[in-house]
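Okay, structure first, notes after.
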Amino acid sequence: MRIYLVVVDDTPEAEVALRFAARRAVKTGGGVEILTLLPPQEFIAFGGVQATIEEEARLHAEALVAGAAGTLFEESGLQPAITVREGDGPKVIREIIAANPEIAALVLGAAPSGAPGPLVTHFAGADAGTLAVPIMIVPGSLDRAAIDRLS
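Mapping of the sequence shown onto this note's numbering: residues 638 to 788, in sequence order.
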């Protein structure tokens, strides 16, 4: 099965990328894997405080992904795979793609103004030709009708 890997965070462009990936998956008989990245936590000397911060970050990420998965299911009927990982975004993405040969594309949303986002900048820059799958960069300024038309 053709799987579209979508990185989801709190940004509006992530919602655009998720909708685009879901529409492509439906049209191609594929699926969607939603990835949320937890940034590495800085070390805090007090272990209890460190554990609390890490747990809050994980709960926030899981709630974000659950919401995205619910929206995806409501709109397309797709039940996505959900992954929450901590670490360096590009490295984690490469590991996930390497581990799953069914991943057919990485779908990222680009911010509609200012810098496009760290993952878009990374994968569209010097490393653009090194990823094992195509990268689909979806403009974050697209509205629902434009996404539906393009996907």
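Note that the Cβ used here is the ideal one computed from N, Cα and C, for glycine as well. Values in this document were obtained by computation on a predicted structure and should not be read as measured data.
Leaving aside the five residues before and after A654 along the sequence, list all residues of the same chain whose C-beta is less than 7 Å from its C-beta, in chain order.
-> Around A654: V643, V744, L745, G746 and V775.
Can you check whether the CB of V669 is closer than 8 Å to the CB of A651?
-> A distance of 8 Å or more separates the beta carbons of A651 and V669.
Proximal residues to P738 (C-beta, below 7 Å), its chain only, five neighbours per side dropped | Around P738: no qualifying Cβ.
Should R741 be labelled buried (16 or more other beta-carbon atoms within 10 Å of its own) or exposed?
-> The amino acid at residue 741 is misidentified as Arg; the sequence shows Ala. Flag for A741 reads buried.
Which residue from R639, T648 and I640 puts its Cα closest to that of G777?
-> Closest option to G777, Cα to Cα, is T648.
Going by other Cβ atoms of all chains shown within 10 Å of its Cβ, with 16 needed for buried, is L787 buried or exposed?
-> So L787 counts as exposed.
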